[in-house]
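Q:
Numbering (the working numbering), first residue to last: 464 to 790.
#1: Are the CB atoms of residue 710 and residue 746 nearer to each other than 8 Å?
#2: Given a threshold of 16 other Cβ atoms within 10 Å of its Cβ, counted over all protein chains shown, does residue 663 qualify as buried or as exposed?
#3: Quick one, which of 763, 477 and 497 has its alpha-carbon nearest residue 741's?
#4: Taking DSSP's pairing of strands, which residues face residue 623 in a bridge?
#5: In chain order, which beta strand (DSSP E) runs of at least 3 residues are fully inside the segment 664–727?
#6: Shortest alpha-carbon distance to residue 704 belongs to which of 557, 676 and 748?
#7: Taking only the alpha-carbon atoms, compute the straight-line gap between residue 689 and residue 579 and give it to the nearest angstrom.
#8: Where does residue 549 fall in DSSP's three states?
#9: If I follow the unbroken beta strand (DSSP E) through residue 541, where does it start and stop?
#10: Quickly, what does DSSP pair residue 759 with across the bridge? List them, please.
#11: Grab me the residues of residue 438's own chain with a C-beta within less than 6 Å of its C-beta, minus the 5 sequence neighbours each way, in chain order.
#12: Where do the ends of the alpha helix (DSSP H) carrying residue 588 lie?
#13: Starting from residue 733 and walking both ways along the alpha helix (DSSP H), at which residues does that stretch end?
#14: Compute the Euclidean distance between the alpha carbons of residue 533 and residue 540, then round it to the nearest angstrom.
#15: Look up residue 771 in the DSSP assignment and say whether it is helix, strand or coil.
#16: Tell me whether residue 507 sits in a helix, a strand or coil according to DSSP, three-state version.
#17: Does DSSP put residue 482 in a helix, a strand or coil?
#18: Would you mind working out which of 635, 489, 617 and 771 sits nearest residue 675, comparing C-alpha positions?
#19: Here's the rule: buried if 16 or more other CB atoms are within 10 angstroms of the residue's CB, otherwise exposed. What is residue 629?
#20: Taking a contact to mean a Cβ-Cβ separation below 8 Å, would you say residue 768 touches residue 623 in this structure?
#21: Can you round the beta-carbon distance between residue 632 and residue 679 to whole angstroms, since I take them to be within the 8 Å contact cut?
#22: Could you tell me the distance, in whole angstroms, from the CA atom of residue 498 to the CA atom of residue 581?
#23: Distance check for residue 592 and residue 510, CA to CA, integer angstroms please.
#24: Keeping to the same chain, check which residues put their C-beta closer than 8 Å to that of residue 728; ignore five residues upstream and five downstream.
#25: Taking the alpha-carbon of residue 536 as reference, which of 773, 672 and 492 has the nearest alpha-carbon?
#26: On the DSSP bridge list, what partners appear for residue 741?
#27: Pick out whichever of 739, 712 and 701 has its Cα sitting closest to the Cα of residue 718.
#28: Are the beta-carbon atoms belonging to residue 494 and residue 473 less than 8 Å from one another?
#29: Going along the chain, which residues of its own chain have a beta-carbon closer than 6 Å to the beta-carbon of residue 731, five neighbours each way excluded?
#30: In or out: residue 641 buried (at least 16 other Cβ within 10 Å) or exposed?
#31: Counting only beta-carbon atoms, is residue 549 nearer than 8 Å to chain C?
#32: Under the rule that 16 or more other beta-carbon atoms within 10 Å means buried, what is residue 771, buried or exposed?
#33: Starting from residue 595, trace the alpha helix (DSSP H) in both directions and tell me its first and last residue.
#34: What does the Cβ neighbour count give for residue 644, buried or exposed, with the cut at 16 atoms within 10 Å?
#35: Just to check my reading of the structure: residue 538 and residue 488 have Cβ atoms closer than 8 Å, yes? What is that Cβ distance to the nearest angstrom?
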C-alpha cells in the first residue's frame, strides 16, 4: 500500500511534469513488477494463497491506467496485451493441474467415483482466495460438464438419479431454444439502433445458454448419494446439501403441495416449475448451498428422485441400523 501510494504521489508531483517520460517507465515497473514481487516475498511463508499476487497486479494495472498520461502508457499497454493473458492462462493451468493431482490422489485412496466438482472446490480452496473459489469453480465446472464430460455415468446401488422423469431436462432445453430465438430477434432489432448494444446482448445471451447447457449436463453426472451415514443431495452444480442420517426426523414419499418458507426449501433452483416426490424433515437446521455460493438454512427439504420408494427404503434401513447401533 505504501509503494502504491508513493507512486500516486510521485505522478502528481512537479518533478513528474518535467520528467514524465522517464518517471512513467519507473512507475510502471514499480506498480506492475516491484510491488507484486515484494508482496509475494511477504506472503511466501504464510498460509495466504500465492495466487493473491494476481489482484495486486490488477490493482497496479488500474492505478497505472489512471495516474499516467495516455501518451506515457506504452509499456503498460504492452503488459496488458502480452503479460495479462499469460498470467490468466498460467492461473487456469495451475488450477487444472492441482485438480488433476487431487483427483489422482483421491482415486488412489478411495474406491468410489471421483466427483469433479467436489475435487475442483477442494483444489481451489488450497490455491485461491476464498472469495474467488465459488465463481471460478462454477465457471470451470460449467465448461467441464457442458463440453468435456460426455461419458455416461453408471449408477451404483447407493446412487439415485433425479432428472429422468421430472421433466427438468425438457424444460431447460426449451429455455435454451427460447434464448436462441429471442437473441436472433433482439439482435436484429438492436442492430438498427446500436451494433455495440446488439453484440453485447448477443454475447450475454449465448453465454447464458452455454451456462444452462452446462447445468443441464451436470445433473446426470452428479447423482444423489447415500454413503457413510450421510445423504448427499445434489441438483447438478446448481445446489447441494449434506444431511447426516441421524438428523432425519421423517422422510415422506409425497408430491403434495407444501408452503415454502425460511424453514422449508426445495433442492431444485426451479422452485414450483419442478415437482417433488420426496419430503425430508430434520430435527435440526441445515444449510443448502446454491449457485455461486448462495446459502439458505432449512429444516425441511423437498426434492424429486426417480426411484423415490427405493430411495426412502434405503434411507430408512440406514436409520434403523443407526438406532440399533446407538442402543
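Built from N, CA and C at the ideal position, the CB exists for glycine as well.
A: Taking the structure as given:
#1: Sequence index remark: in the chain shown, residue 710 carries index 247 (1-based). Sequence index remark: in the chain shown, residue 746 carries index 283 (1-based). Yes, the Cβ-Cβ distance between residue 710 and residue 746 is below 8 Å.
#2: As a position in the chain shown, residue 663 is number 200, starting the count at 1. Flag for residue 663 reads exposed.
#3: Your numbering for residue 741 matches position 278 in the chain shown. Considering only alpha carbons, the answer is 763.
#4: Taking the chain shown and counting its residues from 1, one reaches residue 623 at position 160. Bridge partners of residue 623 according to DSSP: 687.
#5: With a minimum length of 3 residues, the continuous beta strand (DSSP E) runs that stay inside the segment 664–727 are 687–690, 693–698, 702–707 and 711–716.
#6: Within the chain shown, the letter at position 241 stands for residue 704. Check the Cα spacing between residue 704 and each of 557, 676 and 748: the tightest is with 748.
#7: The residue given as residue 689 occupies position 226 in the chain shown. The residue given as residue 579 occupies position 116 in the chain shown. Rounded to whole angstroms, residue 689 to residue 579 spans 18 Å at the Cα level.
#8: Mapped onto the chain shown, residue 549 falls at position 86. Correct three-state label for residue 549: helix.
#9: Within the chain shown, the letter at position 78 stands for residue 541. In the DSSP assignment, residue 541 falls outside any beta strand (DSSP E) and lies within the alpha helix (DSSP H) extending over 537–541.
#10: Residue 759 sits at position 296 when you count from the first residue of the chain shown. DSSP output for residue 759 lists 751 as bridge partner(s).
#11: Absent from the structure is residue 438, since the part of the chain shown begins at 464 and ends at 790.
#12: Reading the chain shown from its first residue, position 125 is the one you call residue 588. From DSSP, the alpha helix (DSSP H) with residue 588 extends over 579–590.
#13: Against the chain shown, residue 733 aligns to sequence position 270. Note, residue 733: premise wrong, no alpha helix (DSSP H); not H, not E.
#14: Indexing the chain shown from 1 puts residue 533 at position 70. Indexing the chain shown from 1 puts residue 540 at position 77. One alpha carbon belongs to residue 533, the other to residue 540, and they sit about 10 Å apart.
#15: Your numbering for residue 771 matches position 308 in the chain shown. Helix at residue 771.
#16: Translated into positions along the chain shown, residue 507 becomes position 44. Note: residue 507 maps to coil in three-state DSSP.
#17: Residue mapping note: residue 482 aligns to position 19 of the chain shown, counting from 1. In this structure, residue 482 counts as coil in the three-state DSSP scheme.
#18: For the purposes of this step, residue 675 is taken as residue 212 along the chain shown, with counting starting at 1. The candidate whose alpha carbon is nearest that of residue 675 is 635.
#19: To locate residue 629, count along the chain shown from 1; it is residue 166. With 16 or more Cβ atoms within 10 Å of its Cβ, residue 629 is classed as buried.
#20: What you label residue 768 is simply residue 305 of the chain shown in a count that begins at 1. What you label residue 623 is simply residue 160 of the chain shown in a count that begins at 1. Going by C-beta atoms, residue 768 is nearer than 8 Å to residue 623.
#21: Here residue 632 corresponds to residue number 169 of the chain shown, with the count starting at 1. Here residue 679 corresponds to residue number 216 of the chain shown, with the count starting at 1. Contact flag correct, Cβ pair sits at about 6 Å.
#22: Here residue 498 corresponds to residue number 35 of the chain shown, with the count starting at 1. Here residue 581 corresponds to residue number 118 of the chain shown, with the count starting at 1. Between residue 498 and residue 581, the C-alpha separation is close to 35 Å.
#23: Residue 510 sits at position 47 when you count from the first residue of the chain shown. Residue 592 sits at position 129 when you count from the first residue of the chain shown. Cα-Cα distance, rounded: 11 Å.
#24: Here residue 728 refers to the residue found at position 265 when the chain shown is read from its first residue. Same-chain partners within the cutoff: 751, 759, 761, 763, 764 and 765.
#25: Looking up residue 536 in the chain shown gives position 73. That would be 492, whose Cα lies nearest to the Cα of residue 536.
#26: The count along the chain shown starts at 1 and reaches residue 741 at position 278. Bridge pairing for residue 741: 716 and 766 [DSSP].
#27: In the chain shown, residue 718 corresponds to position 255, counting from 1. The candidate whose alpha carbon is nearest that of residue 718 is 739.
#28: Locating residue 494 in the chain shown gives position 31, counting from the first residue. Locating residue 473 in the chain shown gives position 10, counting from the first residue. Not in contact: residue 494 and residue 473 (Cβ atoms no closer than 8 Å).
#29: Against the chain shown, residue 731 aligns to sequence position 268. These residues qualify, in order along the chain: 698 and 737.
#30: The residue given as residue 641 occupies position 178 in the chain shown. Exposed: under 16 other Cβ atoms inside 10 Å.
#31: Chain labels in this structure do not include chain C; a single protein chain is all it has.
#32: As a first step, residue 771 is located in the chain shown; it is residue number 308 there, counting from the start. It is buried - the Cβ of residue 771 has at least 16 other Cβ atoms within 10 Å.
#33: Stepping through the chain shown from its first residue, residue 595 is reached at position 132. Residues 593–606.
#34: Position 181 of the chain shown, counting from 1, holds the residue named residue 644. Under this definition residue 644 is an exposed residue.
#35: Against the chain shown, residue 538 aligns to sequence position 75. Against the chain shown, residue 488 aligns to sequence position 25. Between residue 488 and residue 538 the Cβ distance is about 6 Å, and since that is below 8 Å, they are a contact.
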